[in-house]
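Counting from 1, position 130 in the sequence shown corresponds to residue 127 in my numbering; the numbering is continuous, with no gaps.
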Amino acid sequence: MRKLYFSRNSFAKGARVVRDEHNQSHYLLVGRWGRRQDALSLYAIQGELLAEIRQTTLGLLPKFDLYYNRQNVGSISKTLGFWHEMIYVRKLRWIIMGSLNSETYRVYHGTELVMTMRPVVTSNGEAFELAITDRATEPLCICIAAILDHWQKPTNRERSSSLSSDGLQVNFGESNYTLHHKLPQN
C-alpha cells in the first residue's frame, strides 16, 4: 500500500503536486472548479494525461464525471448528509464512507478497501494522506480525493486560511507565504 500526499485547500487555487512518503513527485493536478464544464486534469510527472474530472452540473448537489485514459469510467455527485457521508461512485461501483468533521474517508469496492484518506501535517504544511492499495487505481483515487477536498466543510476550510499572529497566511500553489501588514495607528 503506497502513501501519497497533496496539500490541502481548494484545487481551484492552482496546480498541486502529489508526492509519496519520500517526497518524490509522481503526479500533477491542474485545472479549476466552479463553472459547468470546468475540469481538473491529472498528469504523470513526465507529462502524460492520466485522468480527468469534469464538472457537469452546478448547484447544491454538483455532479462530476471521471475519465481515465480518456474514457468515462464513472460519475460522482454530492449527497446531503449530516456527520457521516456515504457516496456512491457510479460505474466504478465504489462506495465512499467518511466523516465530514474529521475529514477521513474510506473507499471500498464491495468489501475490498481501495483507499483511505486523512488529513495530516507534513513538512510542506497541511496535507491529505492517501493510502492506496493498488497502483493502477492511483489516478482515479487522486481525482476522488480532489473532489472530497473540494467538498470539505467551510469551517475546516477556514482553518487553513486564518489570520496568524504574524500576518495573513496565503497559499499560492505549493508555496506558502505570510503577508506582514502594519495596523493603522491612532
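C-beta atoms are modelled at their ideal positions from N, C-alpha and C, and glycine is treated no differently.
Taking residue i and residue j to be in contact with their CB atoms under 8 Å, please state how far apart those CB atoms are, rounded to whole angstroms.
| i | j | result |
| --- | --- | --- |
| Thr101 | Met112 | Between Met112 and Thr101 the Cβ distance is about 11 Å, and since that is not below 8 Å, they are no contact. |
Helix, strand or coil for residue i per DSSP?
| i | result |
| --- | --- |
| Glu100 | coil |
| Arg13 | strand |
| Asp131 | coil |
| Arg5 | coil |
| His19 | coil |
| Pro116 | strand |
Under a CB-based cut-off of 7 Å, is residue i close to chain C?
| i | result |
| --- | --- |
| Tyr24 | In summary, chain C is missing from the structure at hand, where a single protein chain is found. |
Buried or exposed: which applies to residue i, given that a residue is buried once 16 or more other Cβ atoms fall within 10 Å of its Cβ?
| i | result |
| --- | --- |
| Ile90 | Note that residue 90 is Arg in the sequence shown here, rather than Ile. Result: exposed. |
| Ile133 | Ile is not the amino acid found at residue 133; the sequence shown has Ala there. The residue is exposed, with fewer than 16 neighbouring Cβ atoms inside 10 Å. |
| Glu109 | exposed |
Can you give the Cα-Cα distance for residue i and residue j, rounded to whole angstroms?
| i | j | result |
| --- | --- | --- |
| Asp35 | His19 | 32 Å |
| Ser72 | Glu49 | 11 Å |
| Met83 | Val15 | 25 Å |
| Gln68 | Ser120 | 36 Å |
| Arg103 | Ala142 | 10 Å |
| Lys75 | Ala12 | 23 Å |
| Glu155 | His106 | Any reading at Glu155 must be qualified, since the residue scores a pLDDT of 49, below 50, and its modelled position is unreliable; the value itself is stated next. Whole-angstrom Cα-Cα distance: 32 Å. |
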